[in-house]
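Everything below concerns the one structure shown next.
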Amino acid sequence: GQRHHLRQARKYQKSLRRMVVGGCENAHPLLAFLVAQEQSLNKKSIPNFALQAGYDQGIDCLAKSQFVHLEGLLNEKAGFDFASRGQLTKAEGYFSRALHIYKDDWGATAKY
41 GQRHHLRQAR KYQKSLRRMV VGGCENAHPL LAFLVAQEQS LNKKSIPNFA
91 LQAGYDQGID CLAKSQFVHL EGLLNEKAGF DFASRGQLTK AEGYFSRALH
141 IYKDDWGATA KY
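Take the sequence shown: its position 28, counted from the start at 1, is 68 in this note's numbering, and no numbers get skipped.
Spelled out as structure tokens, the structure:
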């Protein structure tokens, strides 16, 4: 269940943190993605501004590292999370950025 997945995610985060400290540049954006995802699982106990900050930090890190597919995915995930909280304007912004990334930056044709 969810507890098992959280344990696995924390295990991967620990490995990625060691890789970041060791100088692996590709590990940092993946770590940012996992941290944002874990934070979203605890979304009921976290205020909107903190959830948004976590997503934005992960998205920025992925964009700077040119992990375009994960940047689009994290924008989409943020959109779903904010829509489930009734924050439809905020959700629409994340969905719009995700579609832009999928279409214009990644060249996908099936998402829009």
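A virtual CB, placed ideally from N, CA and C, is assigned to each residue, including glycine.
Notebook entry, point to check: Considering I99, what are the terminal residues of the alpha helix (DSSP H) in which it resides?
Noted result: N88 to K104
Checklist line | Helix, strand or coil at T129 [DSSP, three-state] | finding: helix
Check: Excluding five sequence neighbours on each side, which residues of the same chain lie with their C-beta closer than 8 Å to the C-beta of A138?
Finding: G112, L113, N115, E116, G119 and K151
Next item on the list: Measure the alpha-carbon distance for I141 versus H109 and round it to whole angstroms.
Entry: 8 Å
Check: Given H45, which residues of its chain have a CB within under 7 Å of its CB, disregarding the five upstream and five downstream residues?
Finding: none
Next item on the list: Ignore the nearest five residues each way along the sequence and tell me which others in C80's own chain have a CB closer than 6 Å to its CB.
Entry: According to the sequence provided, residue 80 is Ser. The question's Cys does not apply to it. These residues qualify, in order along the chain: D121.
Item checked: Where A76 falls, given that 16 or more other Cβ within 10 Å makes a residue buried -> buried
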